[in-house]
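Enquirer: Those letters in the sequence shown? Residues 0 to 425, by numbering that gives the first Met the number 0.
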Amino acid sequence: MKVPYSKEPVDFRLLILVSLKRIRFIIYGICLGALLLGGGYYLGRNIFSGMPIYHADAEVYLEYIDNVEIENIYINKQTWEDLVYNDIIADYAADEIGRRLDIEEVKNKVSATLLTDTRIVVVSCESTSQAEAKMLANKYAEAIVRFAPELKEIDDARIIKRAATAYKVGFEDRTWAMSFAGAILGLVVSALGLVLYFVWDSSIYIPSTTEIRYGIPTIGLTTDQMRKYSLNTEDSYLGDMKRKGNKKTEFYRLWIQVNYLKITKGYKKIAIVGTSLNDNTDYVVNLINSFVKEKREEEIFEIDRCNIKKEDAYFSSPEYEIVAPGSVNNDPRIAATAAKCDATIVLIKSGDHNGKLVERALDLLRLQEANVVGAILYDVNSALIKKYVFSSFSSSYRKLKEDIYNVRNAAEEGIETTQDEENTLD
């Protein structure tokens, strides 16, 4: 049943394999997400957030006179919060600072509080300058040390902690956390994008897709490796394969051969039509011609031995012809040429975004009433099809290889036996 590619069921195995080929886009998404979110956060907090405010603390320890009961003392937290702005302390602080700053502005930057044990005064300063915040906190602490003994309840005061550092107010650097969150978001978005891209992708990657999408069977496929063995029409493909020692593509050749002979049985004139705009598909046509040539030679041999009557010849008949006029999308008149043949086989490039081109080609052929009997998927990614269909650890794969070699060896033995018989007759 023909199903438009937009409504095809998702092949999750194929989805994973195709997505693994595009894993770089997930890596790009992770890096981009981390950069955008982490970088944006960093810029927002460090560059575009205005002048930062720095906070520094210094601590002064108060020693009360011996006969004072601390729990009843009137100098409490609120007292120190007010005393820090006292003119006397301000003058002492101005002396420490050197009166190079406006003391009223300094008052706006400092504060003080008393810790719960009532003996430690914490002097705080906030400024847009980190150095100034530390300096003012320390100088005000020194001013309190001078002022505290003037209070009758306090015998002495000393600094127990100077402001050595100043930290940003309200700032917690989460750049790495935001970068990690951006990476996760980039991973999710890019993975979802790959899934949506696959769902709407009109490319064909495996043979079964042509039958689901276009309602025509796939005779077989050729891989990108097989293009390397591009043959002249006169060459023997099988001999070339043996000579170069490439056994990986034998199965695909055998697959096309078996299905081609079955589907085109009885047809004398067969058209092989391309669907792309600029691909060279001569090697696919030469591949078909190679095993048709072998069948023709076998048939002639059988005729010579009187096992087949000449008038019953099929492959060696003058009427048998393979026509390869080119791509119907390049020249719509090719559809009319294909319609004059008994059967038409279309060539579809694997992994190309050619869904609409294939639809257009099939529409042109059907309008001319060409008899489209099947399709050949070419330039299939070798690694993808192997991972999709086979596994190196699969017993079925090993058995399939054994069957291929058995068929090949049986054919070789038959040829050798025939040659021995001829030699005996001679």
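Positions of the beta carbon are idealized from the N, C-alpha and C atoms, including for glycine. Since this is a predicted model, take the numbers as computed values, not measurements.
Pick from Asn279, Thr343, Thr280, Ala335: whose alpha carbon is nearest that of Lys264?
Expert: Among Asn279, Thr343, Thr280, Ala335, the Cα nearest to that of Lys264 is on Thr343.
Enquirer: Along the chain, where does the alpha helix (DSSP H) containing Ser126 start, and where does it finish?
Expert: Segment 119-126 is the beta strand (DSSP E) holding Ser126; no alpha helix (DSSP H) there.
Enquirer: Could you check if Ile271 is buried or exposed, using at least 16 other CB atoms within 10 Å of its CB as the buried criterion?
Expert: So Ile271 ends up on the buried side.
Enquirer: By the three-class DSSP mapping on this structure, what secondary structure does Ser275 have?
Expert: Three-state result, Ser275: coil.
Enquirer: Excluding five sequence neighbours on each side, which residues of the same chain lie with their C-beta closer than 6 Å to the C-beta of Ala33?
Expert: Taken in chain order, the residues that qualify are Ser178, Gly181, Ala182.
Enquirer: Using a 10 Å radius around the Cβ and a threshold of 16 neighbouring Cβ atoms, would you call Lys151 buried or exposed?
Expert: It is exposed - the Cβ of Lys151 has fewer than 16 other Cβ atoms within 10 Å.
Enquirer: On the CB-based measure, 16 or more other CB atoms within 10 Å of its CB, does His54 come out buried or exposed?
Expert: Flag for His54 reads buried.
Enquirer: Roughly how many whole angstroms lie between the Cα atoms of Ile439 and Val372?
Expert: The structure shown does not extend to residue 439, since the chain is modelled only from 0 through 425, so no value can be given for it.
Enquirer: Going by DSSP in three states, Lys167 sits in which element: helix, strand or coil?
Expert: Lys167 falls in the strand class under three-state DSSP.
Enquirer: Between Trp79 and Val144, what straight-line distance do the alpha-carbon atoms span, to the nearest angstrom?
Expert: Cα to Cα, the separation comes out at about 13 Å.
Enquirer: For Ile15, collect the residues of the same chain with a Cβ closer than 6 Å to its Cβ; drop the 5 residues on either side in sequence, then sort them by chain order.
Expert: Taken in chain order, the list of residues that qualify is empty.
Enquirer: Quick check: the segment 321-333 against the segment 278-289, are there 3 or more CB pairs under 8 Å?
Expert: Yes: at least three Cβ pairs fall under 8 Å.
Enquirer: Assign Val168 to buried or exposed, taking buried as 16 or more other Cβ atoms, counted over all protein chains shown, within 10 Å of its Cβ.
Expert: Classification of Val168: exposed, given that the 10 Å Cβ count is below 16.
Enquirer: Taking a contact to mean a Cβ-Cβ separation below 8 Å, would you say Val357 touches Thr274 in this structure?
Expert: Yes, Cβ-Cβ distance for Val357 and Thr274 is below 8 Å.
Enquirer: From the DSSP output, in three-state form, read off Gly350 for me.
Expert: It is coil, neither helix nor strand.
Enquirer: Let me make sure I understand the geometry here. Which of Lys261, Ala312, Ile333, Tyr27 has the alpha-carbon closest to that of Leu361?
Expert: Closest option to Leu361, Cα to Cα, is Ile333.
Enquirer: Taking the alpha carbon of Val283 as the reference point, which residue from Glu125, Leu220, Gly185 has its own alpha carbon closest?
Expert: The shortest C-alpha separation from Val283 is found at Leu220.
Enquirer: Is the beta carbon of Leu363 closer than 8 Å to that of Pro317?
Expert: No.
Enquirer: With Ala156 and Val59 assumed to form a contact (beta carbons below 8 Å), what rounded beta-carbon distance in angstroms separates them?
Expert: Going by Cβ atoms, the distance from Ala156 to Val59 rounds to 5 Å, so yes, they are a contact pair.
Enquirer: So what does DSSP say about Arg242, is it helix, strand or coil?
Expert: Its pLDDT being 47, under 50, Arg242 is placed unreliably in this model, and the value from its coordinates should be taken loosely. Of the three classes helix, strand and coil, the one that applies to Arg242 here is helix, per DSSP.
Enquirer: Closer than 7 Å by C-beta to Val291: which residues in its own chain qualify, once you throw out the five before and the five after it? Chain order, please.
Expert: For Val291, where only same-chain residues beyond five positions count, the Cβ hits under 7 Å are Phe314, Ile321.
Enquirer: What does the alpha-carbon distance come out to for the pair Lys348 and Tyr213?
Expert: Roughly 14 Å separates the two Cα atoms.
Enquirer: Sort Asp172, Lys268, Met225 by Cα distance to Asp281 and report the nearest one.
Expert: Nearest option by C-alpha distance: Met225.
Enquirer: Kindly list the residues whose CB is nearer than 8 Å to the CB of Lys160, restricted to its own chain and excluding five residues on each side of it in sequence; keep chain order.
Expert: Closer than 8 Å at the Cβ level, and outside the excluded window around Lys160, lie Asp56, Ala57, Glu58.
Enquirer: If the criterion is Cβ atoms closer than 8 Å, does the pair Ile153 and Tyr63 meet it?
Expert: Yes, the pair counts as a contact, with Cβ atoms nearer than the cut-off.
Enquirer: Taking 8 Å as the threshold (beta carbon to beta carbon), is Leu286 in contact with chain B?
Expert: Here chain B cannot be found, since the structure has a single protein chain.
Enquirer: How would you call Lys108, buried or exposed, if buried means at least 16 neighbouring beta carbons within 10 angstroms?
Expert: By the neighbour-count rule (16 or more Cβ atoms within 10 Å), Lys108 is buried.
Enquirer: Let me confirm a value: Lys339 is counted as buried when at least 16 other C-beta atoms fall within 10 Å, else exposed. Which label applies?
Expert: Looking at its Cβ environment, which holds fewer than 16 other Cβ atoms inside 10 Å, Lys339 is exposed.
Enquirer: Tell me whether Gly325 sits in a helix, a strand or coil according to DSSP, three-state version.
Expert: Gly325 falls in the strand class under three-state DSSP.
Enquirer: For Gln367 and Ile218, I'd like the C-alpha separation in whole angstroms.
Expert: So the alpha carbons of these two residues sit roughly 22 Å apart.
Enquirer: Under the rule that 16 or more other beta-carbon atoms within 10 Å means buried, what is Val198, buried or exposed?
Expert: Val198 comes out exposed.
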